[in-house]
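Numbering (the UniProt record's numbering), first residue to last: 1 to 135.
Quick reminder that beta carbons are idealized off the backbone N, C-alpha and C, glycines included.
Here the structure is a predicted model, which means the values were calculated and not measured.
Note sheet for the following structure.
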């Protein structure tokens, strides 16, 4: 079975995270996800994430800490999804490949119809945030 390496960005600003809605013509249409995409050969996860966020959202991302990975079988392929925290970016967000973007708290994100592969990544992010010492 073919394995595909994919990266996802948990973009955070002012305590809220960015969700992107998959377009109507795509697999899992209408579901909400973290922006990101496939890791190309000879590309690190961080490099892939910076490239994907530039392509999908028109931003230059500052990739922070690794959050978690999750593996899922989809349409006869194994998707190995790696989430990274993006605490900062430059540029104006544009939905080049999604039908909508929304900022919400991580807890509010659980109320959205999320892509199933992103749910464990969101839960891992919430656990990491809860474990962080207060500023």
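DSSP-derived helix/strand/coil call for residue i
{"i": "residue 86", "result": "strand"}
{"i": "residue 129", "result": "helix"}
Closest residue to residue i among the options (Cα-Cα distance)
{"i": "residue 10", "options": "27, 29, 46, 28", "result": "46"}
{"i": "residue 92", "options": "99, 117, 59, 119", "result": "59"}
{"i": "residue 2", "options": "80, 14, 124, 106", "result": "80"}
{"i": "residue 8", "options": "131, 33, 14, 41", "result": "33"}
{"i": "residue 99", "options": "131, 51, 26, 42", "result": "26"}
{"i": "residue 94", "options": "55, 42, 41, 14", "result": "55"}
{"i": "residue 29", "options": "120, 97, 128", "result": "97"}
{"i": "residue 15", "options": "77, 40, 51, 104", "result": "104"}
{"i": "residue 41", "options": "65, 128, 4", "result": "4"}
Cβ-based neighbour list, residue i, same chain, cut-off 6 Å, excluding 5 preceding and 5 following
{"i": "residue 69", "result": "82"}
{"i": "residue 31", "result": "22, 113, 115"}
{"i": "residue 12", "result": "87"}
{"i": "residue 52", "result": "36, 37"}
CB contact flag (residue i, residue j, <8 Å)
{"i": "residue 36", "j": "residue 57", "result": "no"}
{"i": "residue 101", "j": "residue 24", "result": "no"}
{"i": "residue 38", "j": "residue 74", "result": "no"}
Own chain, CB closer than 8 Å to residue i, minus 5 neighbours either side, in chain order
{"i": "residue 125", "result": "10, 17, 67, 68, 83, 85, 106"}
{"i": "residue 120", "result": "68, 70"}
Residues of its chain near residue i, where Cβ-Cβ distance is below 7 Å and the 5 sequence neighbours each way are ignored
{"i": "residue 88", "result": "62"}
{"i": "residue 117", "result": "70, 72, 79, 81"}
{"i": "residue 109", "result": "17, 19, 122"}
What are the complete alpha helix (DSSP H) segments, minimum 4 residues, inside the UniProt domain "Nudix hydrolase" (2–127)? 45–57, 106–109
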